[in-house]
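Visitor:
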Amino acid sequence: MDSPFELITLGTAAGPAIRGREDGIASALRVEDAFYMIDFGLGATRAAHEAGLRGKNFRAGFITHLHSDHVVELPAFLLWNWGAPVDGFTSPVQILGPGQDPTHPRGAQLAGTASMVEHTLAAYSYDTDIRATDEARPVLRDLVQAREIEVPAPGSSDIFVVYEDELVKVTAVLVKHPPIFPALAFRFDTAYGSVTFSGDTAECEALAVLAQDTDILVHEAVNLEFFKAGNFSPTFLDHQRLSHTPAEGAGRIATQAGARSLVLSHFAGIASAEEWESAAATTYTGDITVATSGQRFVVRPTSVQSLA
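In this note's numbering, the protein residues as written are 300 to 607.
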């Protein structure tokens, strides 16, 4: 690729159900020679490898929230991308995500990002110890740095800084994904443009502010009619209605933000690409892509180009 800035939609399916052929939700941003992961859904490890991404260029991973379909392959990604024998990372990498949920009655006993990473390292400690000595790999525990993101109080629409290095600045807002707290949207700003990820959310004005004038808004979409027509419980239907955004809503957020391009992803329920796109087009007149797994988007100073 001749561009220094690229979005790769590694997987576009919501979960933890398997409906269709798409991999689970995960994206990567390549900035020059480095890359950053946003969520680690089912299939993310193989998808990243097939996209040409190698662990030696991995800088940091960002977790929007702790639903299993967004983190299930974090252990595999770390174990398959660590050490020189697999062109993996040999210097520290960061995993950034939500801490414990203070709004949950048992939140203090349930894992946040740091505990999830620590338990992963403990669960695979035999394997990683053996490989450190038998394959001359560095000690994995010394390289994986988990950091729980400090967030404002529930209901806040404040934008806050999450991460910054010489290539990217990452900011975030709280989004609406009840009963999950915190659930985050991330914006990545680079010298070459910006990409904003909605994470899982109901239609959210704070997200539109975060995504103001972004080059690409990657937004989730739910087909409520699919679930209404199925044998789903009222509780499950309420979750889809209150915690996710139909494609029309994603279009409204893109319009409010003035986003140059809307990429629909994290598809909950089944619809055709034409149905997803036509729904979003009722509320957004810009470029719309119904993303597929492994699709690449090159961001240039004057255009966003989608490549199959």
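Using N, Cα and C, we set each Cβ at its ideal position, and we do this for glycine too.
How is residue 285 classed by DSSP in three states: helix, strand or coil?
Guide: Nothing about residue 285 can be read from this structure; the chain reaches only from 300 to 607.
Visitor: So, with DSSP's three-state summary, where would you put residue 433?
Guide: Your numbering for residue 433 matches position 134 in the sequence shown. In this structure, residue 433 counts as helix in the three-state DSSP scheme.
Visitor: Between 433, 372 and 335, which has its C-alpha nearest residue 463's C-alpha?
Guide: The sequence position of residue 463 within the sequence shown is 164, counting from 1. Residue 335 is the option with its Cα nearest to residue 463.
Visitor: Under the three-state reduction of DSSP, which class applies to residue 548: helix, strand or coil?
Guide: Residue 548 sits at position 249 when you count from the first residue of the sequence shown. Three-state DSSP puts residue 548 in a helix.
Visitor: Determine, using beta carbons only, whether residue 382 and residue 436 come nearer to each other than 7 Å.
Guide: Along the sequence shown, read from residue 1 onward, the residue named residue 382 stands at position 83. Along the sequence shown, read from residue 1 onward, the residue named residue 436 stands at position 137. Yes, Cβ-Cβ distance for residue 382 and residue 436 is below 7 Å.
Visitor: Do the CB positions of residue 491 and residue 357 come within less than 7 Å of each other?
Guide: Counting from one through the sequence shown, the residue named residue 491 turns up at place 192. Counting from one through the sequence shown, the residue named residue 357 turns up at place 58. Between residue 491 and residue 357, the C-beta spacing is not below 7 Å.
Visitor: Scan the region 501–589 and note each continuous alpha helix (DSSP H) run of 4 residues or more that stays entirely inside, going in chain order.
Guide: 504–509, 523–527, 533–542, 546–556 and 572–580
Visitor: In angstroms with no decimal places, state the Cα-to-Cα distance between residue 565 and residue 390.
Guide: Mapped onto the sequence shown, residue 565 falls at position 266. Mapped onto the sequence shown, residue 390 falls at position 91. One C-alpha to the other measures close to 31 Å.
Visitor: By DSSP, does residue 607 sit in helix, in strand, or in coil?
Guide: Your numbering for residue 607 matches position 308 in the sequence shown. At residue 607, the pLDDT of 48 sits below 50, so the modelled position is not reliable and the matter cannot be decided from this model.
Visitor: For the region 497–509 and the region 477–488, state whether three or more C-beta atom pairs, one from each stretch, are separated by less than 8 Å.
Guide: yes
Visitor: Can you tell me the Cα-Cα spacing of residue 362 and residue 545, whole angstroms?
Guide: Along the sequence shown, one-based indexing puts residue 362 at 63. Along the sequence shown, one-based indexing puts residue 545 at 246. One C-alpha to the other measures close to 22 Å.
Visitor: Can you find the residues in the same chain that come closer than 7 Å, C-beta to C-beta, to residue 331, ignoring five residues on each side of it along the sequence?
Guide: Along the sequence shown, read from residue 1 onward, the residue named residue 331 stands at position 32. Excluding positions up to five away in sequence, the list reads 303 and 466.
Visitor: Using CA atoms only, rank isn't needed, just tell me which of 373, 499, 480 and 353 is closest to residue 407.
Guide: Indexing the sequence shown from 1 puts residue 407 at position 108. Taking only the C-alpha atoms, the option nearest residue 407 is 480.
Visitor: CA-CA distance, residue 558 and residue 468?
Guide: Against the sequence shown, residue 558 aligns to sequence position 259. Against the sequence shown, residue 468 aligns to sequence position 169. Roughly 18 Å between the two C-alpha positions.
Visitor: With 16 as the cutoff for other CB atoms within 10 Å, does residue 587 come out buried or exposed?
Guide: In the sequence shown, the residue the question calls residue 587 occupies position 288. Residue 587 should be labelled buried.
Visitor: Using DSSP with H/G/I as helix, E/B as strand and the rest coil, what is residue 489?
Guide: Start at 1 with the first residue of the sequence shown, and residue 489 comes out as number 190. It is a strand residue.
Visitor: How would you write the range of the beta strand (DSSP E) that residue 480 sits in, first residue to last?
Guide: For the purposes of this step, residue 480 is taken as residue 181 along the sequence shown, with counting starting at 1. Unbroken run through residue 480: none, as it is neither H nor E.
Visitor: What number of angstroms, rounded off, separates the C-alpha of residue 429 from the C-alpha of residue 421?
Guide: Sequence index remark: in the sequence shown, residue 429 carries index 130 (1-based). Sequence index remark: in the sequence shown, residue 421 carries index 122 (1-based). Looking at the two C-alpha atoms, the distance is approximately 13 Å.
Visitor: Quick check on residue 335: does DSSP put it in helix, strand or coil?
Guide: The residue labelled residue 335 in the question sits at position 36 within the sequence shown. Three-state DSSP puts residue 335 in a strand.
Visitor: Ignoring anything shorter than 3 residues or poking outside the region 395–460, list the beta strand (DSSP E) runs there in chain order.
Guide: DSSP runs (the beta strand (DSSP E)) wholly in the region 395–460: 443–447.
Visitor: Distance, Cα to Cα, residue 451 vs residue 384?
Guide: Taking the first residue of the sequence shown as position 1, residue 451 is located at position 152. Taking the first residue of the sequence shown as position 1, residue 384 is located at position 85. Roughly 42 Å between the two C-alpha positions.
Visitor: For the candidate residues 554, 459 and 412, whose alpha-carbon lies nearest to that of residue 518?
Guide: Numbered from 1 along the sequence shown, position 219 holds the residue referred to as residue 518. Taking only the C-alpha atoms, the option nearest residue 518 is 554.
Visitor: What is the residue span of the beta strand (DSSP E) that residue 473 lies within?
Guide: Locating residue 473 in the sequence shown gives position 174, counting from the first residue. It spans 468–473 - the beta strand (DSSP E) in which residue 473 sits, taken as one unbroken run.
Visitor: Using CA coordinates, which residue listed in 548, 446 and 471 is at the minimum distance from residue 457?
Guide: The residue you call residue 457 lines up with position 158 of the sequence shown. Per the Cα distances, 471.
Visitor: Is it buried or exposed, residue 597, if we count other Cβ atoms within 10 angstroms and call 16 or more buried?
Guide: Here the question's residue 597 lines up with position 298 in the sequence shown. By the neighbour-count rule (16 or more Cβ atoms within 10 Å), residue 597 is buried.
Visitor: If you count every other CB in all the chains shown that lies within 10 Å of the CB of residue 329, and 16 or more means buried, which is it?
Guide: Here residue 329 corresponds to residue number 30 of the sequence shown, with the count starting at 1. With 16 or more other Cβ atoms within 10 Å, it is buried.
Visitor: For a test of the three-state rule: what should DSSP assign to residue 311, helix, strand or coil?
Guide: For this step, residue 311 is matched to residue 12 along the sequence shown. Correct three-state label for residue 311: coil.
Visitor: Who does residue 463 pair with in a DSSP beta bridge?
Guide: Taking the sequence shown and counting its residues from 1, the one referred to as residue 463 is at position 164. Answer is 468, bridged to residue 463.
Visitor: Within the same chain, show all residues whose beta-carbon is closer than 7 Å to that of residue 539, passing over the 5 residues directly before and after it, in chain order.
Guide: Sequence index remark: in the sequence shown, residue 539 carries index 240 (1-based). These residues qualify, in order along the chain: 521, 523, 526 and 567.
Visitor: Determine the burial state of residue 594: buried for a count of at least 16 other Cβ atoms within 10 Å of its Cβ, exposed for fewer.
Guide: Within the sequence shown, numbered from 1, the residue matching residue 594 stands at position 295. When all chains shown are included, residue 594 counts as buried.
Visitor: If we count the other Cβ atoms within 10 Å of its Cβ and call it buried at 16 or more, is residue 607 buried or exposed?
Guide: As a working note, residue 607 is residue 308 in the sequence shown. Confidence at residue 607 is low in this model, with a pLDDT of 48, below 50, so the placement of that residue is unreliable and no value is reported for it.
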